[in-house]
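If you read the sequence shown in the working numbering, its first letter stands for residue 97, the second for the next number, and so on.
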Amino acid sequence: MSGEFNIGKNLSNSSFHVLKHCEPLLNLQLNPKFDFNNYPFMKKLTLLLIPITFLLSCEHKTQPVTTPVSGDAAFQKLADDYLSGYLDWRPANGVALGYHQYDGKVTDLSKESIGKELGRLKDFDQRLSVTDTASLSPKQFYDFRILRSAIKNEIFNFEDMGTFDKNPMTYAQAIDVSIYVKRNFAPLQDRLKSIIAIEKNAANVFTAAKGNLKDSLAKPYIQTAIEIANGSADFLGGDLKIALKGVKNDSLMTVFNATNNAAIAAIKNYVSWLQKSKLPKATNKYAIGETSYKKMLLYSEGLTLSPEKILAIGLAELKKEQDVFNAAAKTVNPNKKPIEVYRDLQKEHPTAANLIPEVRKNVEAIRKFLTDKNIVSMPAKVNLKVEETPQFARATSTASNDDPGPFETRATEAFYYVTPVDAKWTAKQKEDWLGQFDYYTTDNITIHEAYPGHYTQYLHLTASSATRIEKVFNSYAFVEGWAHYCEKMMADEGYGHNGDTVRATKFRLTQSGDALLRLCRLCVSIKTHCQGMSVDDATKFFMDNWYQGDKPSRQEALRGTFDPGYLFYTIGKLELLKLRADYEKQEGTNFSLKKFHDEVLNHGAPQVRLLREVMLKDKKTWGDVM
């Protein structure tokens with residue numbers, strides 16, 4: 097069944113994956129769009145360093161009808177000061193946001209620097225804790241809670257998640273320069289200078305890693321870090337050089353080659369150190385425990401539901417979705433097992449020559465469906481280009497969505513990349529590759545990534561009056577939940593039908609398969625981190641309930657050891673479905689799907705708990721999130 101990622105050179109034939117352009121691990125996940133099954137250097141680890149909004153239960157204060165503004169100026173000054181320091185310490189975040197004064201800069205990962213940044217975070221948290229929120233206008237109070245939650249979540253990542261002392265992946269992809277060749281925001285020669293500046297810091301990064309990391313680390317963390325680092329070295333030694341062929345400055349290229357070779361050597365040395373010094377002492381102590389898990393739920397999404405309650409909801413939803421999947425498969429072919437029916441869909445795909453044109457045509461068909469059915473408004477400035485994946489990125493990407501940052505003013509186009517068939521492949525390799533692009537899976541991925549999913553959300557965000565805080569800090573559950581919600585919503589609204597019931601059922605089968613994956617993640621996340629589930633048992637859970645084989649199931653189980661937040665895809669989807677039901681009840685005959693979707697997308701990308709306060713009039717319903 098479809099995932100969203102395939103990263104690395106050995107692709108699972110059972111999955112269709114999408115990879116976005118990736119920044120280093122230290123990057124804020126501005127739009128936590130993507131799933132992953134494998135873990136190479138170019139992917140984002142979605143939980144470990146994401147400042148995600150949450151609503152502090154102690155901050156649930158109702159604003160008066162009047163608009164007090166006496167504290168607004170002071171709060172705005174504090175927020176600006178925080179953002180300045182935040183981006184100064186995380187320059188790669190700034191580049192991804194579109195702030196190019198940070199080009200070529202690298203985070204200082206020394207123990208002293210990390211300690212100072214943690215101290216800065218705690219200082220701002222304390223300053224916010226004594227803010228008189230009654231003196232803030234409703235808009236500033238909204239931003240206050242987003243900012244405070246982001247800071248709380250950062251502190252959580254430093255202390256509970258052990259980003260810098262327990263996680264070798266932090267350093268394995270800290271020398272990621274992919275954004276400098278994927279987006280044309282400056283002349284190539286200038287971007288090369290930034291790449292050189294970053295690569296010159298490689299030795300410092302890995303010296304810091306050896307000084308910061310604890311003696312014993314979790315085995316899945318080490319194994320994944322090795323894979324990421326090896327992928328990074330391969331990228332620097334191969335694909336990066338391909339991307340820089342257009343540079344005509346020989347002297348600059350001489351400097352680059354020397355710096356690049358030194359960076360590759362530093363990465364390989366780090367891999368060797370992990371293999372020789374860390375793997376022999378590796379442990380299986382990766383569970384964060386129920387106390388930290390509850391913090392994650394609260395700080396990330398404002399959830400006060402217990403892990404046990406969420407697990408019970410997830411298991412019930414899993415059973416319902418399995419019934420949907422099995423019923424759809426039986427409708428398509430009652431004489432085969434459901435998973436066999438699903439795999440047969442992979443035979444229905446475009447030819448190699450028609451692959452890109454077919455995807456391009458279907459992207460426009462989906463956008464037209466949204467307009468014709470009045471499902472969501474489409475901002476005027478639509479600039480999504482469906483193109484072949486650049487040569488340098490083809491080894492690590494099947495398909496990808498690359499949106500600019502919300503403050504980008506130069507390279508403002510968005511790309512939906514699709515990797516074509518390689519003419520040098522065997523006939524079987526070509527068929528296996530095209531099998532990942534069956535019509536139904538590709539449409540579902542396009543819905544998630546482009547229309548009306550992530551790209552549409554990006555368009556609304558940039559076109560809205562959202563503040564800088566609302567554009568910088570996003571909720572994992574909102575962003576991924578919105579895209580995942582869109583998959584089901586589009587199937588419910590009849591996309592893929594066109595008078596052909598069988599085709600519509602095949603599309604539903606694909607959409608349901610993706611839902612099963614995300615539901616299994618929710619269950620495994622809680623069982624792994626709160627109930628001691630092993631990787632082997634988690635693998636079996638995926639195999640039994642997602643209906644996939646050992647390899648993709650084990651990949652998902654391993655991901656769960658270091659990304660407990662991958663339950664937020666389903667949580668966000670369920671929260672949005674509940675918000676929609678409550679909003680429809682409130683609006684009555686004035687309700688429309690377009691009105692609901694436009695309103696949801698008009699307030700940044702906050703936790704849904706906070707959005708309920710904006711959209712629902714009855715305060716008694718605000719806390720009933722799922």
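Ideal Cβ positions, reconstructed from N, Cα and C, are used throughout, including at glycine.
The three-state secondary structure of residue 504, taken from DSSP, is coil. Looking at the DSSP output, residue 511 bridges to 481 and 498. Beta-bridge pairing by DSSP links residue 461 to no other residue.
Within the model, the alpha-carbon separation for residue 281 versus residue 288 is close to 12 Å.
The DSSP-derived three-state label of residue 412 is helix.
Counting C-beta pairs with one atom in each stretch, the segment 628-641 and the segment 650-662 have three or more that are closer than 8 Å, which means they touch.
Taking each of 270, 206 and 317 in turn and checking the Cα distance to residue 295, the smallest one comes out for 270. A Cβ-Cβ contact shorter than 8 Å links residue 469 with residue 589. Taking the Cα of residue 298 as reference, the smallest distance to any Cα among 260, 433 and 359 is reached at 359. Taken through DSSP and simplified to helix, strand or coil, residue 354 comes out as helix. The shortest CA-to-CA distance from residue 494 to any of 253, 530 and 379 is the one to 530. For residue 185, the enclosing alpha helix (DSSP H) covers residues 168-185.
Around the beta carbon of residue 532, a 10 Å sphere encloses 16 or more other beta carbons of the protein chains shown; the residue is thus reported as buried. Residue 537 is classed as buried because its beta carbon has at least 16 other beta carbons within 10 Å across all chains shown. Distance from the CA of residue 322 to the CA of residue 380, rounded to the nearest whole angstrom, comes to 17 Å. Cβ-Cβ distances below 7 Å link residue 602 to 428, 441 and 536 in the same chain, with the five nearest sequence neighbours on each side left out; the list follows chain order. Take residue 669, set aside five residues on each side of it, and the residues of its chain with a beta-carbon closer than 6 Å to its own are 577, 580 and 581, in chain order. Closest in C-alpha terms to residue 260, from the list 272, 241 and 206, comes 206. From the listed residues 188, 247 and 195, the smallest Cα separation to residue 214 is found for 247. According to the DSSP assignment, residue 593 belongs to no alpha helix (DSSP H), since it is labelled neither H nor E. No Cβ-Cβ contact shorter than 8 Å links residue 333 with residue 232. Rounded to whole angstroms, residue 195 and residue 504 show a C-alpha spacing of 7 Å. Of the residues assessed, residue 342 falls on the exposed side of the cut-off, its CB having fewer than 16 other CB atoms within 10 angstroms. Assignment of residue 314 by DSSP, reduced to helix, strand and coil, places it in the strand class. In the DSSP assignment, no residue is bridged to residue 447.
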